[in-house]
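Engineer: The opening residue of the sequence shown carries number 15 in our numbering; numbering runs sequentially from there. Backbone N, C-alpha and C define an ideal beta-carbon position, used for all residues, glycine too.
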Amino acid sequence: MGVAAILLERGLITREQLDQAALEHRASGERLDRAIVRLGLVGRREVLEVIGEQLAMPVVDLGAASVDPDVIAALPARVVFKQQVAPVERRDGALVVATADPFEMSSLDELRLVAGCQIELVLADEEDLRRFIRTHYGVGGDTLHEMAGRAEDGLVVEGVEDEIEQAQEASVIKLVNDLLSEAISERATDVHVEPYEGQLVVRYRIDGVLQRANVPPTINRFGAAIVSRLKIMASLNIAEKRRPQDGRITFRHRAPGQPPLEFDLRVSVIPMLSGEGVVLRVLSKAAVLMGLDQLGMPPGVLAPWDEMINRPHGILLVTGPTGSGKSTTLYASLNRIVSDEVKVITVEDPVEYHVPGVNQIQVSHKVGLDFAAGLRAILRHDPDVVMIGEIRDKETAETAVQASLTGHLVFSTLHTNDAASAATRLLDMGVEPFLIASTVEGVMAQRLVRRVCSQCAEPFVPEPADVPSDFDPAGATLRRGAGCRNCRQTGYRGRVGLYELLRFTEPTRELVMRRANASAIASSARAEGTLSLLKHDGYEKVRMGLTTLAEVAGALVV
15 MGVAAILLER
25 GLITREQLDQ
35 AALEHRASGE
45 RLDRAIVRLG
55 LVGRREVLEV
65 IGEQLAMPVV
75 DLGAASVDPD
85 VIAALPARVV
95 FKQQVAPVER
105 RDGALVVATA
115 DPFEMSSLDE
125 LRLVAGCQIE
135 LVLADEEDLR
145 RFIRTHYGVG
155 GDTLHEMAGR
165 AEDGLVVEGV
175 EDEIEQAQEA
185 SVIKLVNDLL
195 SEAISERATD
205 VHVEPYEGQL
215 VVRYRIDGVL
225 QRANVPPTIN
235 RFGAAIVSRL
245 KIMASLNIAE
255 KRRPQDGRIT
265 FRHRAPGQPP
275 LEFDLRVSVI
285 PMLSGEGVVL
295 RVLSKAAVLM
305 GLDQLGMPPG
315 VLAPWDEMIN
325 RPHGILLVTG
335 PTGSGKSTTL
345 YASLNRIVSD
355 EVKVITVEDP
365 VEYHVPGVNQ
375 IQVSHKVGLD
385 FAAGLRAILR
395 HDPDVVMIGE
405 IRDKETAETA
415 VQASLTGHLV
425 FSTLHTNDAA
435 SAATRLLDMG
445 VEPFLIASTV
455 EGVMAQRLVR
465 RVCSQCAEPF
475 VPEPADVPSD
485 FDPAGATLRR
495 GAGCRNCRQT
505 GYRGRVGLYE
515 LLRFTEPTRE
525 LVMRRANASA
535 IASSARAEGT
545 LSLLKHDGYE
555 KVRMGLTTLA
565 EVAGALVV
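Set out below in structure tokens:
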């Protein structure tokens, strides 16, 4: 009895679903069981267990497997990549090898010959197997082995023309695509390619923390080819190695069982001591814009902010360091208020995400279109709401103030550590106090902290020395991640925001008029009840088990 018939007999699929999968099977040529999984009719695990029963093969969980390095060394990497198998243990003189395709048995003879012993096959999930191979043999390891062989044959050459030719070879293209696909699969926001003397380091920034990519040491020999390929993809000058260059790449990535998605990669190339360093910012073109109520704002912040973004005029600022989620908050706010009755225009550098119904302008310094010039121009386009990517100088600040005074609602960002410092930052730029006091309606300060992994979260009691004096753990459900494959053994997966909101009231405006410092403004607002604190929001999210005290403490270090 076939796999599909067993699934049907057990009631895991219906006859109509089987017929649907059969049509896909005939159209695409893929195995019927894989078509069933791809259509989402049955989970991969259920199909795997049925195949294991049918073929009398044990099913192993490679995600939880701990394999001895000697066992890993029992099969050469080239064989592992070629056959898509992985050694997992030695048992009674035989080598136990995991496969995701038990119907392809032609590899057994090669495995026996290479290993020099009997082979016992076990069944593993295809995604788990790929992840296991990447973990133990490196990302792009098969391509690097091929390239290393070509290098030993004297086929790796030097010179600009030769670099261009090498960067366009299929093996180099595949290697770079593998590195980018791995970064996207791991939810990386940035990819760092860093040259050192005799070494090339690839790192991914995941949930705000840099982690080294697992690549074989042989990648060190092909740093120039990798950088050249990235420059070609970004339409940069491959011969220019002395000056920084910026570009963009549109990259298509397809997750297993999912439709392909387009990602916009912003590329920055800078000459370093040992070669050219590359950083790529990963932006999903199809990213679903988060709603305000999905960001994790506490009710005491969300309700007043929601009221302020619906005002007819004024300036609303979002502050925080780079990478604190300011753009996400602004996009969510715009998405909340955009409608057929409201015209929204933005000036951004760069435009990170496309918001339906919003007119977005890309800053171009080459033609003199900076934030101030763009803002002056769009005020003639009869907008109701204006968003400026960042207030960087006095000219932009004063133009934003004038836009607010003429009846527009203006959103923008500032780089300050807390909400109260926004007013003093504008004063430092040279904006008159009465203009700040009469236009700014509210300032949101925010940070991002890592979220405790939901799959390995466990309750714990911190050591007294690790608990801040102003945090009361009584009645709280403190959690931490033990570490699992879902979170790359970090204990964290995803991030959540910490927020504080300063509402400008008459006492606050009077302090701004008197050029009071940030501390005085914050003290007055706290006493008045118009300022929530980042620390308090962080502590509340710790008490809820969403993050940890260590994360909150790290986010508030300024």
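Once the 5 residues before and after Thr149 are set aside, which same chain residues still bring their CB inside 7 angstroms of it?
Structural biologist: Residue 149 sits at position 135 when you count from the first residue of the sequence shown. Asn228.
Engineer: So, using beta-carbon positions, are Gly222 and Leu22 closer together than 8 angstroms?
Structural biologist: Residue mapping note: residue 222 aligns to position 208 of the sequence shown, counting from 1. Residue mapping note: residue 22 aligns to position 8 of the sequence shown, counting from 1. No, Cβ-Cβ distance for Gly222 and Leu22 is not below 8 angstroms.
Engineer: Can you have a look at Gly543 and say buried or exposed, based on whether 16 or more other CB atoms are within 10 angstroms of its CB?
Structural biologist: For the purposes of this step, residue 543 is identified with residue 529 of the sequence shown, where counting begins at 1. Looking at its Cβ environment, which holds fewer than 16 other Cβ atoms inside 10 Å, Gly543 is exposed.
Engineer: If I'm right that Glu220 touches Glu200 with Cβ under 8 angstroms, what's the distance once you round it to whole angstroms?
Structural biologist: Taking the sequence shown and counting its residues from 1, the one referred to as residue 220 is at position 206. Taking the sequence shown and counting its residues from 1, the one referred to as residue 200 is at position 186. It is Ile, not Glu, that sits at residue 220 in the sequence shown. Right, the Cβ-Cβ distance comes to about 6 angstroms (below 8 angstroms), so this counts as a contact.
Engineer: Across which residues does DSSP place Thr203 in a beta bridge pair?
Structural biologist: The residue given as residue 203 occupies position 189 in the sequence shown. According to DSSP, which records beta bridges pairwise, Thr203 is partnered with nothing at all.
Engineer: Reducing DSSP to helix, strand and coil, say where Tyr345 ends up.
Structural biologist: Residue 345 sits at position 331 when you count from the first residue of the sequence shown. Helix, per DSSP.
Engineer: Reducing DSSP to helix, strand and coil, say where Ile252 ends up.
Structural biologist: In the sequence shown, residue 252 corresponds to position 238, counting from 1. Ile252: coil per DSSP, three-state reduction.
Engineer: Which ranges does the alpha helix (DSSP H) cover as unbroken runs of at least 4 residues, wholly within the segment 66-124, from first to last along the chain?
Structural biologist: Here the runs fully enclosed are 83-86 and 91-97.
Engineer: When you compare the segment 357-373 with the segment 469-476, are there three or more beta-carbon pairs, one atom per stretch, that lie closer than 8 angstroms?
Structural biologist: Flag = no, the segment 357-373 and the segment 469-476 do not touch.
Engineer: How long is the line joining the alpha carbons of Val352 and Thr430, rounded to whole angstroms?
Structural biologist: Here residue 352 is taken as the residue at index 338 of the sequence shown, counted from 1. Here residue 430 is taken as the residue at index 416 of the sequence shown, counted from 1. The straight-line gap from Cα to Cα measures roughly 27 angstroms.
Engineer: Tell me the rounded alpha-carbon separation between Ile246 and Ile252.
Structural biologist: Stepping through the sequence shown from its first residue, residue 246 is reached at position 232. Stepping through the sequence shown from its first residue, residue 252 is reached at position 238. Looking at the two C-alpha atoms, the distance is approximately 7 angstroms.
Engineer: Give me the residue from Thr343, Arg540, Ser249 and Glu30 with the minimum Cα distance to Leu306.
Structural biologist: Indexing the sequence shown from 1 puts residue 306 at position 292. Selected option, being the one with the closest Cα: Thr343.
Engineer: Compute the beta-carbon to beta-carbon distance between Thr413 and Arg390, rounded to the nearest angstrom, for a pair I have assumed lies under 8 angstroms.
Structural biologist: As a working note, residue 413 is residue 399 in the sequence shown. As a working note, residue 390 is residue 376 in the sequence shown. 6 angstroms between Cβ atoms; contact.
Engineer: What span of residues does the alpha helix (DSSP H) with Asp278 cover, start to end?
Structural biologist: Counting from 1 along the sequence shown, the entry for residue 278 is found at position 264. First-last for Asp278: Leu275 to Met286, but that is the beta strand (DSSP E), not the alpha helix (DSSP H).
Engineer: What first and last residue would you give for the alpha helix (DSSP H) that runs through Met527?
Structural biologist: On the sequence shown, residue 527 is found 513 positions in, with the first residue counted as 1. Segment Glu520 to Met527, the alpha helix (DSSP H) holding Met527.
Engineer: Is it the case that the segment 442-459 contacts the segment 514-528, given that we only count it when at least three CB pairs across the two stretches are under 8 angstroms?
Structural biologist: Taking 8 angstroms as the limit for Cβ pairs, the verdict is that the segment 442-459 does touch the segment 514-528.
Engineer: Using C-beta distances below 8 angstroms, list every residue in its chain close to Phe474, excluding the 5 sequence neighbours before and after it, in chain order.
Structural biologist: Taking the sequence shown and counting its residues from 1, one reaches residue 474 at position 460. Counting only Cβ-Cβ distances below 8 angstroms, and skipping sequence neighbours, we find Leu492, Arg493 and Arg494.
Engineer: Thinking just about the alpha-carbon of each residue, which of Gly25, Arg52 and Ala436 is nearest to the one in Gln34?
Structural biologist: The residue given as residue 34 occupies position 20 in the sequence shown. Residue Arg52 is the option with its Cα nearest to Gln34.
Engineer: Beta-carbon separation of Pro397 and His422 under 8 angstroms?
Structural biologist: Start at 1 with the first residue of the sequence shown, and residue 397 comes out as number 383. Start at 1 with the first residue of the sequence shown, and residue 422 comes out as number 408. Closer than 8 angstroms, so yes.
Engineer: Tell me whether Ala317 is buried or exposed, calling it buried when 16 or more other Cβ atoms sit within 10 Å of its Cβ.
Structural biologist: Residue mapping note: residue 317 aligns to position 303 of the sequence shown, counting from 1. With fewer than 16 Cβ atoms within 10 Å of its Cβ, Ala317 is classed as exposed.
Engineer: Tyr151 and Val61: beta carbons closer than 8 angstroms?
Structural biologist: What you label residue 151 is simply residue 137 of the sequence shown in a count that begins at 1. What you label residue 61 is simply residue 47 of the sequence shown in a count that begins at 1. No.
Engineer: Does DSSP put Val358 in a helix, in a strand, or in coil?
Structural biologist: Mapped onto the sequence shown, residue 358 falls at position 344. Three-state result, Val358: strand.
Engineer: Within the segment 386-451, note down every full beta strand (DSSP E) run reaching 3 residues or more, in order along the chain.
Structural biologist: Listed in chain order, the complete beta strand (DSSP E) runs (minimum 3 residues) inside the segment 386-451 are 399-402 and 423-428.
Engineer: Could you compute how far the alpha carbon of Ala436 sits from the alpha carbon of Val332?
Structural biologist: By 1-based counting over the sequence shown, the position of residue 436 is 422. By 1-based counting over the sequence shown, the position of residue 332 is 318. Each residue's alpha carbon lies about 9 angstroms from the other.
Engineer: Check His39 in the structure and name its three-state DSSP category.
Structural biologist: To locate residue 39, count along the sequence shown from 1; it is residue 25. If DSSP states are grouped into helix, strand and coil, His39 belongs with the helices.
Engineer: Report yes if the CB atom of Thr113 is closer than 8 angstroms to the CB atom of Val99, and no otherwise.
Structural biologist: Indexing the sequence shown from 1 puts residue 113 at position 99. Indexing the sequence shown from 1 puts residue 99 at position 85. For Thr113 and Val99, yes; Cβs fall inside 8 angstroms.
Engineer: Going by CA-CA distance only, name the one from Gly444, Leu548, Phe385 and Leu214 that's closest to Gly291.
Structural biologist: Along the sequence shown, read from residue 1 onward, the residue named residue 291 stands at position 277. The shortest Cα separation from Gly291 among Gly444, Leu548, Phe385 and Leu214 belongs to Leu214.
Engineer: Using a Cβ-Cβ cutoff of less than 6 angstroms, which residues in the same chain neighbour Ser195 once the five nearest sequence positions on both sides are dropped?
Structural biologist: The count along the sequence shown starts at 1 and reaches residue 195 at position 181. His267, listed in sequence order.
Engineer: Going by the beta-carbon positions, is the gap between Ile329 and Val454 smaller than 8 angstroms?
Structural biologist: By one-based count along the sequence shown, residue 329 stands at place 315. By one-based count along the sequence shown, residue 454 stands at place 440. Contact: yes.
Engineer: If contacts are defined as beta-carbon pairs under 8 angstroms, then Arg217 and Glu211 qualify, I think. What distance do you get, rounded to the angstrom?
Structural biologist: On the sequence shown, position 203 is the one that residue 217 refers to. On the sequence shown, position 197 is the one that residue 211 refers to. Not confirmed; about 17 angstroms, so no contact.
Engineer: Consult DSSP for Asp142 and reduce its assignment to one of helix, strand or coil.
Structural biologist: Position 128 of the sequence shown, counted from the start, is the residue given in the question as residue 142. Note: Asp142 maps to helix in three-state DSSP.
Engineer: Can you find the residues in the same chain that come closer than 7 angstroms, C-beta to C-beta, to Ala479, ignoring five residues on each side of it along the sequence?
Structural biologist: The count along the sequence shown starts at 1 and reaches residue 479 at position 465. For Ala479, where only same-chain residues beyond five positions count, there are no Cβ hits under 7 angstroms.
Engineer: Measuring only the C-alpha atoms, how far is Ile405 from Ile198?
Structural biologist: Here the question's residue 405 lines up with position 391 in the sequence shown. Here the question's residue 198 lines up with position 184 in the sequence shown. Taking the straight line from one Cα to the other gives about 31 angstroms.
Engineer: Return the chain-ordered list of same chain residues with a C-beta closer than 6 angstroms to the C-beta of Val424, the five sequence neighbours on each side being excluded.
Structural biologist: Start at 1 with the first residue of the sequence shown, and residue 424 comes out as number 410. Cβ neighbours of Val424 beyond the five flanking positions: Ile329, Val400, Ala414, Ala417 and Ser418.
Engineer: Sort Val556, Gly339 and Val445 by Cα distance to Ala459 and report the nearest one.
Structural biologist: Indexing the sequence shown from 1 puts residue 459 at position 445. It is Gly339 whose Cα lies nearest to the Cα of Ala459.
Engineer: By Cβ distance below 7 angstroms, which residues in the same chain neighbour Arg517 in space, the five residues on each side in sequence not counted?
Structural biologist: Position 503 of the sequence shown holds residue 517. Counting only Cβ-Cβ distances below 7 angstroms, and skipping sequence neighbours, we find Pro318, Gly456 and Thr544.
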